[in-house]
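> In order, the protein sequence lines correspond to chains G and W. Positions in the first sequence are counted from 1; adding 515 to them yields my numbering. Positions in the second sequence are counted from 1; adding 2 to them yields my numbering. Glycine included, every Cβ here is placed at the ideal spot set by N, Cα and C.
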Amino acid sequence: MPTAEPDLGHASEGTAMSDEFTINGRTFGSRLILGTGRYATLDAMRSAVDAAQAEMVTVAVRLVDFDAPTGKADITEALPDDVLLLPNTAGARTAEEAVRFARLARAGGLPAWVKLEVIPDQRYLLPDPVGTLEAAEELLADGFTVLPYINADPVLAARLEGLGCHAVMPLGSPIGSGRGLKLRDSIRIIVEQATVPVVIDAGLGAPSHAAEALELGADAVLVNTAIAVADEPAVMADAFRLAVLAGRRGRLAGLMEERERGTASSPTSGLLGGS
Amino acid sequence: MTIAQLLERLEITSRYALVERNGCPVPRESFSVVELAAGDEVVVARPVAGG
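(1) Compare the C-beta of isoleucine 742/G against all C-beta atoms of chain W and say whether one is closer than 7 Å.
(2) The beta strand (DSSP E) with methionine 571/G in it runs from where to where?
(3) Pull up the distance between the alpha-carbon of valine 45/W and that of arginine 763/G, whole angstroms please.
(4) Can you tell me whether threonine 573/G is buried or exposed, with buried defined as 16 or more other CB within 10 angstroms of its CB?
(5) How would you call glutamine 568/G, buried or exposed, if buried means at least 16 neighbouring beta carbons within 10 angstroms?
(6) What residue range is occupied by the uninterrupted beta strand (DSSP E) comprising phenylalanine 543/G?
(7) Please report the distance separating the alpha-carbon of glutamate 775/G from that of arginine 17/W.
(8) If the criterion is Cβ atoms closer than 7 Å, does the pair alanine 508/G and leucine 698/G meet it?
(9) For aspartate 716/G, name the three-state secondary structure that DSSP assigns.
(10) Quick check on proline 521/G: does DSSP put it in helix, strand or coil?
(11) Determine the DSSP secondary structure at alanine 531/G, reduced to helix, strand or coil.
(12) Going by DSSP, name the residue or residues bridged to proline 635/G.
(13) Using the rule of at least 16 other Cβ atoms within 10 Å of the residue's Cβ for burial, across every protein chain shown, is methionine 3/W buried or exposed?
(14) Go to glycine 550/G, then tell me how far its beta strand (DSSP E) extends in each direction, as first and last residue.
(15) Give me whichever residues DSSP pairs with glutamate 22/W in a beta bridge.
(16) Would you mind telling me which residues of chain G sit closer than 9 Å to arginine 30/W, beta carbon to beta carbon, in chain order?
(17) Using the beta-carbon of each residue, which ones in chain W are nearer than 9 Å to tyrosine 554/G?
(18) Since I believe alanine 593/G is in contact with methionine 560/G (beta carbons under 8 Å), could you give me their beta-carbon distance rounded to a whole number of angstroms?
(19) At the 7 Å Cβ level, is arginine 48/W part of the contact set with chain G, yes or no?
(20) What residues in the region 7 to 26 of chain W bring their beta carbon closer than 9 Å to a beta carbon of chain G?
(21) Leaving out five residues before and five after glutamate 43/W in sequence, what residues of the same chain have Cβ atoms less than 6 Å from its Cβ?
(22) Give the straight-line distance between the Cα atoms of isoleucine 14/W and cysteine 26/W, rounded to the nearest whole angstrom.
(23) So what does isoleucine 665/G bridge to, in DSSP terms?
(24) Closer than 7 Å, Cβ to Cβ, to anything on chain W: give me those residues from the region 644 to 661 of chain G, in chain order.
(25) If I follow the unbroken beta strand (DSSP E) through proline 602/G, where does it start and stop?
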């Protein structure tokens, strides 16, 4: 996949031009992963996936509802054939339920990859670290590629990496809140110590949030609501795509250090009024 | 009746059918050979939109 954008500067060959990342041996050119939920129509979802140039999208697993007219519809039929489907375990309140979701999806022919979510309380939608750890251990032993969704907890991220998880997915802020990166310092530590890709998942409400995540050193972002509920989802998907490229390019270029005070950027000598 | 026949009868023709039989996930490859017995509990799920 081409990731270079001529209007984003002149990053050299070997860095941004072939700037891919790898999860468990699979290489991705796109650092923008899309959730498929909450779109008004399947067409809108598909347009957004195309505009984002996403190579991985999440899907959920639910019982067939024989009474609903759309109960048998299969969202994967509206997706491009070459994107990797990443089944999530949304709806699982315990480790056992999450493992059940993942195994059911794999048995039915979906990839043996899982965005592992264990969320006990629908009020806050915050992940259970203990349940996530337990489920990760079981799914890893069962051969899954495991991408756990976690709070931005560096110690938990390290524990999950230690188990063999293939990426970690800390939240920016709670699911669907659109509040951006509320735990920058913790995410910075997760990135600094990570030996697997870090994907910021949840809470990214604007393209600038995605750029910020990549500037902080995240390898990728997963975005759903901010694109799905936009007036123009495909345009917003394109905006996120550009923001991800800009943030990544800025990270690679070497960001300046923040300072407490202003520092002149024009010469301080040779002033017209004399020195 | 096999699982494949059950899915056909339920008019589930989509790309992915996710099936559990008595609490165990059934690999797609064996849908056409697994015979259902009286009293079996079958769960049928599918991929849906989600984040």
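The answer reads as follows:
(1) On the first sequence, position 227 is the one that residue 742/G refers to. It does not: the Cβ of isoleucine 742/G has no partner Cβ on chain W nearer than 7 Å.
(2) As a first step, residue 571/G is located in the first sequence; it is residue number 56 there, counting from the start. Taken as a continuous stretch (DSSP letters only), the beta strand (DSSP E) holding methionine 571/G covers 571 to 578.
(3) Position 43 of the second sequence, counted from the start, is the residue given in the question as residue 45/W. Position 248 of the first sequence, counted from the start, is the residue given in the question as residue 763/G. Whole-angstrom Cα-Cα distance: 44 Å.
(4) Counting from 1 along the first sequence, the entry for residue 573/G is found at position 58. Buried.
(5) Counting from one through the first sequence, the residue named residue 568/G turns up at place 53. Label assigned to glutamine 568/G: buried.
(6) To locate residue 543/G, count along the first sequence from 1; it is residue 28. First-last of the beta strand (DSSP E) with phenylalanine 543/G: 541 to 543.
(7) The residue labelled residue 775/G in the question sits at position 260 within the first sequence. The residue labelled residue 17/W in the question sits at position 15 within the second sequence. Whole-angstrom Cα-Cα distance: 57 Å.
(8) Since the first and last residues shown for chain G are 516 and 790, residue 508/G lies out of range.
(9) Within the first sequence, the letter at position 201 stands for residue 716/G. If DSSP states are grouped into helix, strand and coil, aspartate 716/G belongs with the strands.
(10) Residue numbering aside, residue 521/G sits at position 6 when the first sequence is read from its first letter. Residue placement at proline 521/G is flagged as unreliable, the pLDDT there being 42, under the threshold of 50; the coordinate-derived value follows with that caveat. In the structure shown, proline 521/G sits in a helix (DSSP, three-state: H, G or I).
(11) Position 16 of the first sequence, counting from 1, holds the residue named residue 531/G. Bear in mind that a pLDDT of 44 at alanine 531/G, under 50, signals an unreliable position, so the number given afterwards is only what the model happens to contain. Coil at alanine 531/G, not helix or strand.
(12) The residue labelled residue 635/G in the question sits at position 120 within the first sequence. DSSP lists no partner for proline 635/G.
(13) As a first step, residue 3/W is located in the second sequence; it is residue number 1 there, counting from the start. Under this definition methionine 3/W is an exposed residue.
(14) For this step, residue 550/G is matched to residue 35 along the first sequence. Counting along the chain, the beta strand (DSSP E) containing glycine 550/G begins and ends at 547 to 550.
(15) Within the second sequence, the letter at position 20 stands for residue 22/W. Bridge partners of glutamate 22/W: Pro27/W and Val45/W.
(16) Within the second sequence, numbered from 1, the residue matching residue 30/W stands at position 28. Result: Ala622, Gly623 and Gly624.
(17) Your numbering for residue 554/G matches position 39 in the first sequence. Under the 9 Å cutoff, chain W gives Ala51.
(18) As a working note, residue 560/G is residue 45 in the first sequence. As a working note, residue 593/G is residue 78 in the first sequence. Sure, about 7 Å apart at Cβ, within 8 Å.
(19) In the second sequence, residue 48/W corresponds to position 46, counting from 1. By this cut-off, arginine 48/W is an interface position.
(20) Leu12, Glu13, Ile14, Thr15, Ser16, Arg17, Tyr18, Ala19, Leu20, Val21, Glu22, Gly25 and Cys26
(21) Counting from one through the second sequence, the residue named residue 43/W turns up at place 41. Cβ within range, chain order: Asn24.
(22) What you label residue 14/W is simply residue 12 of the second sequence in a count that begins at 1. What you label residue 26/W is simply residue 24 of the second sequence in a count that begins at 1. Roughly 20 Å between the two C-alpha positions.
(23) Taking the first residue of the first sequence as 1, we reach residue 665/G at position 150. Its beta-bridge partners are Pro685/G.
(24) none
(25) As a position in the first sequence, residue 602/G is number 87, starting the count at 1. That run of the beta strand (DSSP E) goes 599 to 602.
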